[in-house]
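J.: Quick one: structure below, then a few questions.
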Amino acid sequence: MTSPTKAEGSGSAVALDPELASTSEKVEPKKLEGRSPGQLMWQRFRRDRTGMFCAGVVIFYFVIALLAPLLTAISGTDPYTLYGQDPTYADTPVLDDFGLPLGYFGGVSGVHWFGVEPQYGRDVFAMLVFGMRTSLYMALGVTVLVMLTGVILGLIGGYFGGRTDYWIGRVTDFFLSFPQQLFFIAFMPVVTAFFVDPREETPTYFRAVAILIVLWVLGWMGMARLVRSTVLSLREREFVEAAKVSGASPWRIVRKEILPNVVSPILVQFTYQLPSTILTIAFLSFAGVGFVEPTPDWGRLFAVGARYAEQDPAFMFFPGVALVIFILCFNLLGDSVRDAFDPKSGR
Amino acid sequence: MKSLTSRRARAIVVAIAAGSLALTGCSENKGTSSNKDSKKDQKEASAQSKPVTYGNAAASQGPAAAVAGAKEGGTIQVYQEAGLSHLDPGQIYVSDAGQISNLIFRGLTNFKEDGKGGVSVVGDIATDSGQSSDGGKTWTYKLKDGIKDQNGNEITSADVRHTFERQFAKFIFDGPPYVRSWLAGNQYKDDPRKLLPDGGFGKKHLPDSVLETPDDKTVVFHFDTARPDFPQTLAMPGYSIVPEKTDTKEKYDKAPVSLGPYKISEYKVGKSLKLVKNDQWNADSDSVRHQYVDGWSIDFGVTESTQTKRLIADQGVSKNAIQFTGSVESTQIQDVISNAAINKRTIKGYQPYVMQLTFNLDRVKNKAVRDAVTYAVNSKSLIAGEGGAYGGDVAPNLFAPTLPGYEKDYDPYGRLKTPQGNIEKAKELLKDVPAAEKKLVFAYGNTEQGQKRKVAIEDALGKVGIDVVSKEVDAASYYEQIGKVKNPYDIYITGWGQDWPSPATVVTPVYDPSLVGDGQSNYSHIKDPEVQKLIDKALGQEPTEAAATWKEAHKYILEKVNPAAPLWYTKQFQLYGSNIGGARYSTESSYIDVNNLFLKS
Chain D
165 MTSPTKAEGS
175 GSAVALDPEL
185 ASTSEKVEPK
195 KLEGRSPGQL
205 MWQRFRRDRT
215 GMFCAGVVIF
225 YFVIALLAPL
235 LTAISGTDPY
245 TLYGQDPTYA
255 DTPVLDDFGL
265 PLGYFGGVSG
275 VHWFGVEPQY
285 GRDVFAMLVF
295 GMRTSLYMAL
305 GVTVLVMLTG
315 VILGLIGGYF
325 GGRTDYWIGR
335 VTDFFLSFPQ
345 QLFFIAFMPV
355 VTAFFVDPRE
365 ETPTYFRAVA
375 ILIVLWVLGW
385 MGMARLVRST
395 VLSLREREFV
405 EAAKVSGASP
415 WRIVRKEILP
425 NVVSPILVQF
435 TYQLPSTILT
445 IAFLSFAGVG
455 FVEPTPDWGR
465 LFAVGARYAE
475 QDPAFMFFPG
485 VALVIFILCF
495 NLLGDSVRDA
505 FDPKSGR
Chain X
13 MKSLTSRRAR
23 AIVVAIAAGS
33 LALTGCSENK
43 GTSSNKDSKK
53 DQKEASAQSK
63 PVTYGNAAAS
73 QGPAAAVAGA
83 KEGGTIQVYQ
93 EAGLSHLDPG
103 QIYVSDAGQI
113 SNLIFRGLTN
123 FKEDGKGGVS
133 VVGDIATDSG
143 QSSDGGKTWT
153 YKLKDGIKDQ
163 NGNEITSADV
173 RHTFERQFAK
183 FIFDGPPYVR
193 SWLAGNQYKD
203 DPRKLLPDGG
213 FGKKHLPDSV
223 LETPDDKTVV
233 FHFDTARPDF
243 PQTLAMPGYS
253 IVPEKTDTKE
263 KYDKAPVSLG
273 PYKISEYKVG
283 KSLKLVKNDQ
293 WNADSDSVRH
303 QYVDGWSIDF
313 GVTESTQTKR
323 LIADQGVSKN
333 AIQFTGSVES
343 TQIQDVISNA
353 AINKRTIKGY
363 QPYVMQLTFN
373 LDRVKNKAVR
383 DAVTYAVNSK
393 SLIAGEGGAY
403 GGDVAPNLFA
413 PTLPGYEKDY
423 DPYGRLKTPQ
433 GNIEKAKELL
443 KDVPAAEKKL
453 VFAYGNTEQG
463 QKRKVAIEDA
473 LGKVGIDVVS
483 KEVDAASYYE
493 QIGKVKNPYD
503 IYITGWGQDW
513 PSPATVVTPV
523 YDPSLVGDGQ
533 SNYSHIKDPE
543 VQKLIDKALG
553 QEPTEAAATW
563 KEAHKYILEK
573 VNPAAPLWYT
583 KQFQLYGSNI
593 GGARYSTESS
603 YIDVNNLFLK
613 S
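For the record, the sequence lines run as chains D and X.
Residue numbering for the first sequence follows this note's numbering, starting at 165 and increasing by one per position.
Residue numbering for the second sequence follows this note's numbering, starting at 13 and increasing by one per position.
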């Protein structure tokens, strides 16, 4: 990886800001090779230290989430044992009579790295890493599906216009009129009753799929509208006209002329959508239609912790700080990526 | 948006991390003991379970004994979380309105407490707790002289008759069903309202063979079976007097007429209720109530968390404040206990509820499985989910400490010794049980609390090799779902509390085999003929005599049938402001006793 200082040194001496230099349409004098927009973007992104750092943090989170079982194997705890209530652990009490963790900072110890949960005494570290796995990958799945659907429908509606746009627009309106969370609360028990034997437990994967589908079906509209409006303005631009005149197929125009230009709003939207989806999933759990205990869930861990903020602040501290850092880095990363794509917009 | 440079981002992260660290502080929790108080509660509980006595005319005479150090004047502030669903006495079955009912309404009888756990039933607007004849089938009440409602109208037997006739009207649907169905008798068992469909608002009244008013001051009730508990039933807020002349039917729910020491001066539904002195109330006619303060200001919509915080802070108007039916929020209990000055301002006692893991006897037919589950359940972890030591106490049997006939040492399953579950014993019982019978479907209301219970039940029963299949049920219709006779579930957590201090209001609704049906509270579907025999026997006996029969029934049910594993007793823990005097726990309502309160300055 080239260090940012080196990259700067290789540029023209006049350019004080490396990004300005690279965006000037002229090809650098020393090398005469052409670069694709993707390459340019990558080059610009690599110079953005905040962006690189945040990318690292975000990747780190996803890796931790993936390796949750490994990490808890190292810590020797699991998210399901009630360390404070289980008679097998009676000789190592972790809770006092009020159900609050004993010891320093929410019961932080060599066994329980991030302390224990009040009342039941489950291990916060194990709950957090497993909860991150649930929340991150669910949110990622939902967000990707929402983005894809929104972009496709937005592109079609915006580019073709006319009757296609009208109908897609009405369908969007129709879905927008659903109160998403209320619908979910009403919908989930019905689906469960329909597919699951009343004497069998609802499997966790079933809940995951149901959450995924409903959040997807009821969540793509904002994206579709955003993309449509961007495409509408792009459609009349000269370079699109030129492509049309030169006989390019609609597919080519959408793919090569329009899509690259809507990438930045899509990315920005993506970076907002993912963290908010984490919280939506947590809310569903509270409303009694999402994941249920004891399936660990990051958002729920944070929300439950808020109730103990005064008595046991440490319980909220670890999941909360983890969430804040993640969302901050994710948003900063989004900004950096957007800047790299479209350096003029931020000025 | 390049304005957020990496340095600034780093600064923000550091600031957040440092800020939260500073907030949390790093002090060690060495553990605070709460056992002492818990044992004291147990002792007080035995006082709570004395059988109710019936007071005579002398005991029913006013004025009520003065409270030591009581002063007059001031306004008591009440914090309450939810608004009242009803104010029409006929509709009152819930304790929040019941507390207010004590201040503004009067019935034929009332509960009188001596503050040491003794509860008696005395005449309220009647001269005594009632004279029974014909083996308890007929009850006669004489009204006191000079009882007036807030408009100055004297209460006569016609008003009493109207009070009970309107119970049959369609707009009375939420109140207690007892007297209505008792008056209607066996003939109208399916739908008691058919006895008087227009609720006495037309020309038709209850026949003399049911309710008789020979003169202005006498009311006679006739039942087709003995009703020894009738005076206690009449003391329920739901049977407070509604004067005939001023009954506005449905509208009465918003503006009822007062007979008690206070009357409504302003009522904003769901927001606030203001009470002022009722000058028509005569202290000499009332042996229970006082009129020390000038008024009451009740604010609705104050969450339990806020109530607790305000009362802990004890500033300004909160000094004069009490909680009506709210209690100290579970996460703040430690803040109250650990501070002696605040702990002094608390009301502690048991609630009448026993939480139990009920078996669906139609499905869990093997008693070995039921016994094993009873041994295996972890009451400690369930209580922890309810808020720790003050959320409840381990229950060794099915009678609550507030119930006459409660025996604190009666512990057939050794729950007090091994509250976290006797795993060996449970495993031993399950040794010869086929796997199919070890699969139990557990239904829980899908709320945060319900999910906590699920975790605890799965954890405890899973340890002894029972395959727990947890099914979530919509929390709002939880009791409706498990109340269906043909429900698909095997075990569910239920709680039941007495309507008045008699096992008749617990054993009958929950274990009477003749009351198995959709929407009935016999959730275990117990159908044992011996239980039926004992219940029928006890229902016909006077309270003291019946107590022994109820005890026998209790032991038979718990040991021979085992329809439910006792889990925990719920506890009451309320806080009041420093300027409140005369605060005490009411054995009967299991909340703060509103009758004796005054302001110290």
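Glycine included, each C-beta is placed from N, C-alpha and C at the ideal position.
(1) Can you say whether X/Asp146 is buried or exposed, counting buried as having 16 or more other CB atoms within 10 angstroms of its CB?
(2) Give the interface partners of X/Ala384 over in chain D, defined as CB-CB distance under 7 Å, in chain order.
(3) Determine the burial state of X/Phe185: buried for a count of at least 16 other Cβ atoms within 10 Å of its Cβ, exposed for fewer.
(4) Buried or exposed: where does X/Glu262 fall if 16 or more other Cβ atoms within 10 Å of its Cβ makes it buried?
(5) State yes or no: is the beta carbon of X/Ala448 nearer than 8 Å to at least one beta carbon in chain D?
(6) Below 7 Å on C-beta distance, what does X/Thr343 contact in chain D?
(7) Using a Cβ-Cβ cutoff of less than 8 Å, which residues in the same chain neighbour X/Phe117 once the five nearest sequence positions on both sides are dropped?
(8) Do X/Ser598 and X/Glu125 have their beta-carbon atoms positioned less than 8 Å apart in this structure?
(9) Considering X/His234, what are the terminal residues of the beta strand (DSSP E) in which it resides?
(10) Sorted by chain position, which residues of the same chain lie with C-beta nearer than 6 Å to X/Gly509's C-beta, five sequence neighbours on each side aside?
(11) Closer than 7 Å by C-beta to X/Ser113: which residues in its own chain qualify, once you throw out the five before and the five after it? Chain order, please.
(12) Whose C-alpha, out of X/Trp151, X/Glu177, X/Asp548, X/Ala595, is nearest the C-alpha of X/Pro209?
(13) Using beta carbons (cut-off 8 Å, strictly below), is D/Phe262 in contact with chain X?
(14) Do you know whose CA, among D/Val288, D/Met205, D/Trp206, lies nearest D/Ser239's CA?
(15) With a Cβ-Cβ cutoff of 8 Å, do D/Thr444 and D/Phe494 count as a contact?
(16) Residues of chain D with CB closer than 9 Å to the CB of X/Ala388, please, in chain order.
(17) Buried or exposed for X/Asn534, going by 16 or more other Cβ atoms inside 10 Å?
(18) Chain X partners of D/Leu246, CB-CB under 8 Å?
(19) Here's the rule: buried if 16 or more other CB atoms are within 10 angstroms of the residue's CB, otherwise exposed. What is X/Gly313?
(20) Which residues of chain X have a Cβ atom closer than 9 Å to the Cβ of D/Arg363, listed in chain order?
(21) Can you look up D/Phe224 in the DSSP assignment and give me helix, strand or coil?
(22) Closer than 9 Å, Cβ to any Cβ of chain X: which residues of the region 268 to 286 of chain D, in chain order?
(23) Go through its chain and collect everything with a Cβ distance to D/Gln283's Cβ below 8 Å, but skip five positions before and after it.
(24) Counting along the chain, where does the alpha helix (DSSP H) carrying D/Ala486 start and finish?
(25) Ignore the nearest five residues each way along the sequence and tell me which others in D/Val280's own chain have a CB closer than 8 Å to its CB.
(26) Looking at the unbroken beta strand (DSSP E) that takes in X/Phe371, where does it start and where does it end?
(27) For X/Gln199, tell me which candidate among X/Asn591, X/Ala78, X/Thr237 has the shortest Cα-Cα distance.
(28) Could you tell me the alpha carbon to alpha carbon distance between D/Val492 and D/Gly215, rounded to whole angstroms?
(29) Is DSSP giving X/Gln303 helix, strand or coil here?
(30) Measuring CB atoms only, is the region 216 to 229 of chain X touching the region 158 to 177 of chain X, in the sense that at least three cross pairs come out at less than 8 Å?
(31) In chain order, what residues of the same chain have a beta carbon less than 7 Å from the beta carbon of X/Gly148, not counting five sequence neighbours either side?
(32) State buried or exposed for D/Pro201, treating a residue as buried only when at least 16 other CB atoms are found within 10 Å of its CB.
(33) Work out the CA separation of D/Arg464 and D/Gly454 for me, nearest whole Å.
(34) Exposed or buried, X/Lys464, counting other C-beta atoms within 10 Å across all chains shown (16 or more means buried)?
(35) Once you ignore the five residues that flank X/Trp484 on each side, which residues in its own chain have a CB closer than 7 Å to its CB?
(36) Smallest Cα separation from X/Ala407: which of X/Ala295, X/Pro243, X/Ala577, X/Gly211?
T.: In terms of the structure at hand:
(1) In the second sequence, residue 146 of chain X corresponds to position 134, counting from 1. It is exposed - the Cβ of X/Asp146 has fewer than 16 other Cβ atoms within 10 Å.
(2) As a position in the second sequence, residue 384 of chain X is number 372, starting the count at 1. Going along chain D, no residue has its Cβ under 7 Å from X/Ala384, so there is no contact; the nearest lies around 16 Å.
(3) By 1-based counting over the second sequence, the position of residue 185 of chain X is 173. So X/Phe185 ends up on the exposed side.
(4) Here the question's residue 262 of chain X lines up with position 250 in the second sequence. Classification for X/Glu262: exposed.
(5) Locating residue 448 of chain X in the second sequence gives position 436, where the first residue counts as 1. Chain D contact via Cβ: absent.
(6) Within the second sequence, residue 343 of chain X is the residue found at index 331, counting from 1. The contacting residues are Arg471, Tyr472, Gln475.
(7) The count along the second sequence starts at 1 and reaches residue 117 of chain X at position 105. Residues Pro101, Pro249, Ser252, Ile253, Pro268, Ser270, Leu271, Gly272 of the same chain have their beta carbon placed closer than 8 Å to that of X/Phe117, with the five preceding and five following residues left out of the count.
(8) The residue labelled residue 125 of chain X in the question sits at position 113 within the second sequence. The residue labelled residue 598 of chain X in the question sits at position 586 within the second sequence. Yes. Within cutoff.
(9) As a working note, residue 234 of chain X is residue 222 in the second sequence. Segment 230 to 234, the beta strand (DSSP E) holding X/His234.
(10) Taking the second sequence and counting its residues from 1, one reaches residue 509 of chain X at position 497. Excluding residues within five positions, the ones whose Cβ falls inside 6 Å are Pro364, Tyr365.
(11) Numbered from its first residue, the second sequence carries residue 113 of chain X at position 101. The residues are Pro101, Ile104, Pro249, Ser252.
(12) Position 197 of the second sequence, counted from the first residue, corresponds to residue 209 of chain X. Here the closest residue by C-alpha is X/Glu177.
(13) Residue 262 of chain D sits at position 98 when you count from the first residue of the first sequence. So, interface residue.
(14) One-based indexing of the first sequence puts residue 239 of chain D at position 75. Measuring C-alpha to C-alpha distances from D/Ser239 to each of D/Val288, D/Met205, D/Trp206 identifies D/Val288 as the nearest.
(15) One-based indexing of the first sequence puts residue 444 of chain D at position 280. One-based indexing of the first sequence puts residue 494 of chain D at position 330. Annotated as distal: D/Thr444 and D/Phe494, with beta-carbon spacing of 8 Å or more.
(16) Translated into the one-based positions of the second sequence, residue 388 of chain X becomes position 376. The contacting residues do not exist; X/Ala388 stays about 11 Å from chain D at best.
(17) On the second sequence, position 522 is the one that residue 534 of chain X refers to. With 16 or more Cβ atoms within 10 Å of its Cβ, X/Asn534 is classed as buried.
(18) Along the first sequence, read from residue 1 onward, the residue named residue 246 of chain D stands at position 82. Chain X residues near D/Leu246: Ser393, Val467, Ala468, Asp471.
(19) Counting from one through the second sequence, the residue named residue 313 of chain X turns up at place 301. Around the beta carbon of X/Gly313, a 10 Å sphere encloses fewer than 16 other beta carbons of the protein chains shown; the residue is thus reported as exposed.
(20) Indexing the first sequence from 1 puts residue 363 of chain D at position 199. Chain-order list of chain X residues neighbouring D/Arg363: Lys451, Val453, Val481, Lys483, Pro500, Tyr501, Asp502, by C-beta distance under 9 Å.
(21) Here residue 224 of chain D is taken as the residue at index 60 of the first sequence, counted from 1. The DSSP-derived three-state label of D/Phe224 is helix.
(22) For the region 268 to 286 of chain D, the set of positions with a beta-carbon nearer than 9 Å to some beta-carbon of chain X reads Tyr268, Phe269, Gly270, Gly271, Pro282, Gln283, Tyr284, Gly285, Arg286 in chain order.
(23) The residue given as residue 283 of chain D occupies position 119 in the first sequence. Once the five neighbours on either side are set aside, the close Cβ partners of D/Gln283 are Gly248, Leu259, Gly263.
(24) Taking the first residue of the first sequence as position 1, residue 486 of chain D is located at position 322. Start and end: 477 to 505.
(25) Looking up residue 280 of chain D in the first sequence gives position 116. Excluding sequence neighbours, D/Val280 sits near Tyr247, Gly248, Val258, Leu259, Pro265, Gly270, Gly271, Arg286, Asp287, Val288.
(26) Stepping through the second sequence from its first residue, residue 371 of chain X is reached at position 359. That run of the beta strand (DSSP E) goes 358 to 371.
(27) Locating residue 199 of chain X in the second sequence gives position 187, where the first residue counts as 1. Ranked by how close their Cα comes to the Cα of X/Gln199, the residues X/Asn591, X/Ala78, X/Thr237 have X/Thr237 in first place.
(28) Start at 1 with the first residue of the first sequence, and residue 492 of chain D comes out as number 328. Start at 1 with the first residue of the first sequence, and residue 215 of chain D comes out as number 51. Val is not the amino acid found at residue 492 of chain D; the sequence shown has Leu there. D/Leu492 and D/Gly215 have their C-alpha atoms spaced approximately 11 Å apart.
(29) Here the question's residue 303 of chain X lines up with position 291 in the second sequence. Three-state result, X/Gln303: coil.
(30) The region 158 to 177 of chain X and the region 216 to 229 of chain X touch, with three or more beta-carbon pairs separated by less than 8 Å.
(31) For the purposes of this step, residue 148 of chain X is taken as the residue at position 136 of the second sequence. Same-chain partners within the cutoff: Ala238, Arg239, Pro240.
(32) Here the question's residue 201 of chain D lines up with position 37 in the first sequence. D/Pro201 sits exposed, since fewer than 16 C-beta atoms from the chains shown fall within 10 Å of its C-beta.
(33) Position 290 of the first sequence, counting from 1, holds the residue named residue 454 of chain D. Position 300 of the first sequence, counting from 1, holds the residue named residue 464 of chain D. Roughly 10 Å between the two C-alpha positions.
(34) As a first step, residue 464 of chain X must be located in the second sequence, where it is residue number 452. Here X/Lys464 is buried, its C-beta having at least 16 other C-beta atoms within 10 Å.
(35) Start at 1 with the first residue of the second sequence, and residue 484 of chain X comes out as number 472. Sequence check: residue 484 of chain X is Glu here, not Trp. Cβ within range, chain order: Tyr456, Asn458.
(36) Position 395 of the second sequence, counted from the start, is the residue given in the question as residue 407 of chain X. Checking every option, the nearest Cα to that of X/Ala407 belongs to X/Ala577.
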